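**Student:**
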Amino acid sequence: MPQDVRSRDIGVPPSVGLRKLEPIALPERPDLGLGSGLELPNLPAFAPQPPPQLDIVRPKKSLRLKATLGKNGPEIPSDLVWRLFAPVPGPDGKLPVVAMAKGAQAVFDVPAGNYLLHVGFGRAGMTKRVDFSGEETHETVALDAGGLRLHAEILDGGKLPDDKLTFDVYSGGGDGRERRLLAPGVSPGSVLRLNAGDYHVISRYGSVNAVARADIRVEAGKITDATLHHRAAEVTMKLVREKGGEALADTAWSVTSDQGDIIRESVGAFASMVLTEGDYVLVARNKDRIFQRQIAVHPGENEEVEVLTSDLVDPNNPEVGTGD
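As numbered in the numbering used here, residues 125 to 448 make up the sequence shown, in order.
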């Protein structure tokens, strides 16, 4: 019996033979431009890492400085200026500034080596050599410095107006051949910081010829108060027709010494100036007329001086009027 008949009898569908499938040709892959001629940069396998910094694990060593007034004096709390210089001059012939700090203390993070240190305290200061080993170093600088506070008064103790006083301070005392101006125009009552030593002080009262001088010694760690005494007075001049009269405007003034040297010239109805003790001649010129009067200045005796229009230089000259 054929096999397919039996299969139908028992309800089994007849088997179908396998069909042979032919291979299908695939399309060619398009060119992506990745042929062997492609040049790629020479990239490292990883980014280079910087070498480890030793300062991260080891703290820096510093040069730490403070200053005292004198060897055993108190520590200076402020107003210090610290400068650290290299010991070898630069191309300009000056020592290069390596580091600078302000205040009571200075902390310098510098390489080990030799340096020149200058510390300033007002007009006081000192320079010393510092050998820094590179290890943590604490050093105290002793400043041989003090303060100078200046005042001035009239010889008999009378007070003078501060706004008319100034002081010039020079280094050294003696005959002045080696003096050097350190501080010009110092105001009365202010403290001037100076190195301990001798100084020459000139006090000026007004702006004409009232001058007082003194040699003063400043001691380390102390404030020295010095008072200079003037032999002078303030004189105010006016040209009037009669005593107690109104001052004439447009008057030119000349003040001369009794030897004829011109001390000061001024223009105005009033001329006021401080003159040192002595004899003077006041000359007033008004409307081409010349008037004069002699005066004597005494210490502390401020006064108002009237020059009368009758005080003509040559009253017999017919060309000279009364000033009216």
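Beta carbons are placed, not taken as given, at the ideal position from N, Cα and C, and that holds for glycine.
Nothing here was measured: the structure is a model prediction, and the numbers come from that model.
DSSP three-state call for K367: helix, strand or coil?
**Tutor:** By one-based count along the sequence shown, residue 367 stands at place 243. K367 falls in the coil class under three-state DSSP.
**Student:** Here's the rule: buried if 16 or more other CB atoms are within 10 angstroms of the residue's CB, otherwise exposed. What is N319?
**Tutor:** Indexing the sequence shown from 1 puts residue 319 at position 195. Result: buried.
**Student:** For V265, which option in G281, Y323, V222 and P198 has the closest C-alpha, if you only look at C-alpha atoms?
**Tutor:** On the sequence shown, position 141 is the one that residue 265 refers to. Ranking the options by Cα distance to V265, first place goes to P198.
**Student:** In three-state terms, what does DSSP make of D322?
**Tutor:** Locating residue 322 in the sequence shown gives position 198, counting from the first residue. Of the three classes helix, strand and coil, the one that applies to D322 here is strand, per DSSP.
**Student:** Compare the beta carbon distance of V254 and S186 with 8 angstroms and say whether it is the shorter of the two.
**Tutor:** Taking the sequence shown and counting its residues from 1, one reaches residue 254 at position 130. Taking the sequence shown and counting its residues from 1, one reaches residue 186 at position 62. In this structure, S186 does not lie closer than 8 angstroms to V254 by Cβ.
**Student:** Identify, in the order they occur along the chain, each residue of the same chain with its Cβ nearer than 8 angstroms to the Cβ of G402, setting aside the five sequence neighbours on each side.
**Tutor:** Locating residue 402 in the sequence shown gives position 278, counting from the first residue. Around G402: S381, D382, A420 and V421.
**Student:** Quick one: any contact between the stretch 345-355 and the stretch 276-284, if contact means 3 or more CB pairs under 8 angstroms?
**Tutor:** Touching, yes.
**Student:** Residues in its own chain within less than 8 angstroms of T192 by CB, not counting five upstream and five downstream?
**Tutor:** As a first step, residue 192 must be located in the sequence shown, where it is residue number 68. Same-chain partners within the cutoff: P198, E199, I200, T264, V265, A266 and L267.
**Student:** Measure from the alpha carbon of P312 to the alpha carbon of each residue in D287, A336 and E260, then state which is nearest.
**Tutor:** Residue 312 sits at position 188 when you count from the first residue of the sequence shown. Closest option to P312, Cα to Cα, is D287.
**Student:** Once the 5 residues before and after G246 are set aside, which same chain residues still bring their CB inside 6 angstroms of it?
**Tutor:** Reading the sequence shown from its first residue, position 122 is the one you call residue 246. Within the same chain, G246 has close Cβ partners R317.
**Student:** If you count every other CB in all the chains shown that lies within 10 Å of the CB of K362, and 16 or more means buried, which is it?
**Tutor:** Here the question's residue 362 lines up with position 238 in the sequence shown. K362 comes out buried.
**Student:** Please report the straight-line C-alpha distance between V429 and L289, rounded to a whole angstrom.
**Tutor:** As a working note, residue 429 is residue 305 in the sequence shown. As a working note, residue 289 is residue 165 in the sequence shown. Rounded to the nearest angstrom, the two C-alpha atoms are 23 angstroms apart.
**Student:** Indicate whether M224 and G330 have their beta-carbon atoms separated by less than 8 angstroms.
**Tutor:** Your numbering for residue 224 matches position 100 in the sequence shown. Your numbering for residue 330 matches position 206 in the sequence shown. Against a cut-off of 8 angstroms, the Cβ pair of G330 and M224 comes out as no contact.
**Student:** Roughly how many whole angstroms lie between the Cα atoms of G282 and L399?
**Tutor:** Here residue 282 is taken as the residue at index 158 of the sequence shown, counted from 1. Here residue 399 is taken as the residue at index 275 of the sequence shown, counted from 1. If I take the Cα positions, the gap works out to 16 angstroms.
**Student:** Determine the DSSP secondary structure at K288, reduced to helix, strand or coil.
**Tutor:** Along the sequence shown, one-based indexing puts residue 288 at 164. In the structure shown, K288 sits in a helix (DSSP, three-state: H, G or I).
**Student:** Compare the C-alpha of E358 against each of V221, A334 and V364 and name the closest.
**Tutor:** Here residue 358 refers to the residue found at position 234 of the sequence shown. Nearest C-alpha to E358: A334.
**Student:** Are A236 and F256 close, meaning C-beta to C-beta below 8 angstroms?
**Tutor:** Taking the sequence shown and counting its residues from 1, one reaches residue 236 at position 112. Taking the sequence shown and counting its residues from 1, one reaches residue 256 at position 132. Yes, these two residues count as a Cβ contact at 8 angstroms.
**Student:** Using the C-alpha atoms, what's the distance from P213 back to G227?
**Tutor:** One-based indexing of the sequence shown puts residue 227 at position 103. One-based indexing of the sequence shown puts residue 213 at position 89. Using only the alpha carbons, I get a separation of about 27 angstroms.
**Student:** Measuring from the CB of E366, is there a heavy atom of the ligand HEM at a distance below 7 angstroms?
**Tutor:** With respect to the ligand HEM, the structure shown offers nothing to examine, as it has no ligands at all.
**Student:** For the candidate residues V315, V332 and D339, whose alpha-carbon lies nearest to that of V325?
**Tutor:** Working through the sequence shown from its first residue, we reach residue 325 at position 201. Measuring from the Cα of V325, the nearest candidate turns out to be D339.
**Student:** Got a sec, what are the start and stop residues for the beta strand (DSSP E) V335 sits in?
**Tutor:** Start at 1 with the first residue of the sequence shown, and residue 335 comes out as number 211. Segment A334 to V342, the beta strand (DSSP E) holding V335.
**Student:** Here's a check: name, in chain order, each residue in its chain whose Cβ is nearer than 8 angstroms to the Cβ of T348, leaving out the five neighbours to either side.
**Tutor:** As a working mapping, residue 348 is identified with position 224 in the sequence shown. Hits under 8 angstroms: G270, G271, L272, R273, I340, R341 and V342.
**Student:** Would you kindly report the start and end of the unbroken beta strand (DSSP E) that includes E263?
**Tutor:** Within the sequence shown, the letter at position 139 stands for residue 263. E263 -> beta strand (DSSP E) spans T261 to L267.
**Student:** Measure the C-alpha to C-alpha separation of A376 and Y404 and round it to an integer number of angstroms.
**Tutor:** What you label residue 376 is simply residue 252 of the sequence shown in a count that begins at 1. What you label residue 404 is simply residue 280 of the sequence shown in a count that begins at 1. Between A376 and Y404, the C-alpha separation is close to 16 angstroms.
**Student:** Please classify A373 as buried or exposed, where buried requires at least 16 other C-beta atoms within 10 Å of its C-beta.
**Tutor:** Residue mapping note: residue 373 aligns to position 249 of the sequence shown, counting from 1. That one is exposed.
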